[in-house]
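Chemist: Quick one: the structure is below, questions incoming.
In the UniProt record's numbering, the protein residues as written are 1 to 95.
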């Protein structure tokens, strides 16, 4: 549970999860229905460098909060709602 808490301890990573909760509203230019949101669009919205965004997305993915799908050279991300729900339930029980 500590790794998950560390993943959420960064404002940018929290914003990414918030944006991906409603990707159609936050990434209007993207077709988010099937794959999720392209890493490049997330990076642009956050205003970070590609390498910084890559690190943020990797941390969220390792914590289980994001699922990634590769299509060619592009990687698309979407929330892992089941994992987020499980984490919040565990956190609620623990505290």
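The beta carbon of each residue, even a glycine, is placed where N, CA and C say it ideally should be.
Quick caveat, the model's predicted, so the values are computed rather than measured.
For residue 48, which three-state DSSP category applies?
Modeler: In the chain shown, residue 48 corresponds to position 48, counting from 1. Coil.
Chemist: When you compare the CB positions of residue 36 and residue 77, do they come within less than 7 Å of one another, or not?
Modeler: For the purposes of this step, residue 36 is taken as residue 36 along the chain shown, with counting starting at 1. For the purposes of this step, residue 77 is taken as residue 77 along the chain shown, with counting starting at 1. Contact: yes.
Chemist: Let me confirm a value: residue 4 is counted as buried when at least 16 other C-beta atoms fall within 10 Å, else exposed. Which label applies?
Modeler: Along the chain shown, read from residue 1 onward, the residue named residue 4 stands at position 4. With 16 or more other Cβ atoms within 10 Å, it is buried.
Chemist: Please list, in chain order, all residues of the same chain as residue 70 whose beta carbon is under 7 Å from its beta carbon, the five residues on each side excluded.
Modeler: Translated into positions along the chain shown, residue 70 becomes position 70. For residue 70, where only same-chain residues beyond five positions count, there are no Cβ hits under 7 Å.
Chemist: What are the partner residues of residue 67, as DSSP defines its beta bridges?
Modeler: Indexing the chain shown from 1 puts residue 67 at position 67. Looking at the DSSP assignment, residue 67 forms a beta bridge with 78.
Chemist: According to the Cβ coordinates, are residue 61 and residue 55 closer than 7 Å?
Modeler: In the chain shown, the residue the question calls residue 61 occupies position 61. In the chain shown, the residue the question calls residue 55 occupies position 55. Contact flag unset, no.
Chemist: If you compare alpha carbons, which of 59, 72, 63 and 73 is closest to residue 88?
Modeler: Working through the chain shown from its first residue, we reach residue 88 at position 88. Here the closest residue by C-alpha is 63.
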